[in-house]
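A quick write-up on the structure given underneath.
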Amino acid sequence: MERLRSAIVAGAAGGARASAAATAACELAAGVGLRTVVFVEGGSDRVALEALAVRRGRNLDAEGIAVVPLGGVTSIGRFLDLCGPAGLDVGLAGLCDAGEERFFQRGLERVGLGSGLTRADLEPLGFYVCVADLEDELIRSLGAEAVRRVVEAQGDLRPFRTFQNQPAQRERAVEQQLRRFMGTLSGRKAQYAHALVEHLEPTRVPRPLDRLLAHL
Numbered sequence: 038m039e040r041l042r043s044a045i046v047a048g049a050a051g052g053a054r055a056s057a058a059a060t061a062a063c064e065l066a067a068g069v070g071l072r073t074v075v076f077v078e079g080g081s082d083r084v085a086l087e088a089l090a091v092r093r094g095r096n097l098d099a100e101g102i103a104v105v106p107l108g109g110v111t112s113i114g115r116f117l118d119l120c121g122p123a124g125l126d127v128g129l130a131g132l133c134d135a136g137e138e139r140f141f142q143r144g145l146e147r148v149g150l151g152s153g154l155t156r157a158d159l160e161p162l163g164f165y166v167c168v169a170d171l172e173d174e175l176i177r178s179l180g181a182e183a184v185r186r187v188v189e190a191q192g193d194l195r196p197f198r199t200f201q202n203q204p205a206q207r208e209r210a211v212e213q214q215l216r217r218f219m220g221t222l223s224g225r226k227a228q229y230a231h232a233l234v235e236h237l238e239p240t241r242v243p244r245p246l247d248r249l250l251a252h253l
């Protein structure tokens, strides 16, 4: 499944190797029994979705569900071309931020999966929108104090307090500080995506994440 994800990303990237990568993706899809591709913006979103699936006793790879980070939402059209009705022709789903919603809408319309799509229209297609981004959704669901305890458990309380004292951060709400702190180092978003999902109460899972997993 990891090779399939890599082939999909390479096939959607364009360039001289795109055709060979698309062919490889087709062969690998058959080999793993691919039934759905889930598009997310980055690796931390994939980590969060897969962590929640594990908490609910599911293994998405084993179910033939490939979670594929886009690495930039403006490329969604090429991914839909490769995986949609004119390509692999498998089920499609996704998670995006509110600021990226229009790219998903236009991409889905272009491959024939709707017309004049609204946010309400996206959900039956399997696409769900976060209010700001997934980190924001997770912080609001847990609450700032619970997230601070997670930061402490991760050994990051001192760096976070130093970050809070930076001039640009002092006037921001603690929720905003936490969200920005998680993006300050490479790999930190993925680290906290997993940690925050692990600490969620079952009834407090952010709606977009909860509905997306239920759809799959």
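First residue of the sequence shown: 38, per our numbering; consecutive thereafter. Ideal Cβ placement from N, Cα and C applies to all residues, glycine included.
(request) Quick one: measure Cβ to Cβ for Ser152 and Glu146, integer angstroms, because I've assumed they're closer than 8 Å. (result) 6 Å
(request) Would you be able to state if there are at least three C-beta pairs under 8 Å between the region 67-74 and the region 85-103? (result) Judged by pairs of C-beta atoms under 8 Å, the region 85-103 touches the region 67-74, as three or more such pairs exist.
(message) Contact defined as beta carbons within less than 8 Å: I believe Phe116 pairs with Ala49. What is the distance between those atoms, to the nearest angstrom?
(response) 5 Å
(request) Return the chain-ordered list of same chain residues with a C-beta closer than 7 Å to the C-beta of Cys120, the five sequence neighbours on each side being excluded. (result) Ile45, Val74, Val127 and Leu129
(request) Taking Val242 as the reference, give the member of Thr221, Ala123, Met38 and Arg92 with the closest Cα. (result) Arg92
(request) Can you have a look at Leu97 and say buried or exposed, based on whether 16 or more other CB atoms are within 10 angstroms of its CB? (result) When all chains shown are included, Leu97 counts as buried.
(message) According to DSSP, simplified to helix, strand and coil, what is Ala53?
(response) coil
(message) So for Leu250, helix, strand or coil by DSSP?
(response) helix
(message) On the DSSP letters alone, give me the boundaries of the beta strand (DSSP E) that Val77 sits inside.
(response) Thr73 to Val77
(message) Give me the residue from Asn202, Thr199, Leu249 and Arg185 with the minimum Cα distance to Tyr229.
(response) Arg185
(message) Short of 6 Å in beta carbon distance, which residues of its chain neighbour Gln201, apart from the five on each side in sequence? Order them along the chain.
(response) Gln214
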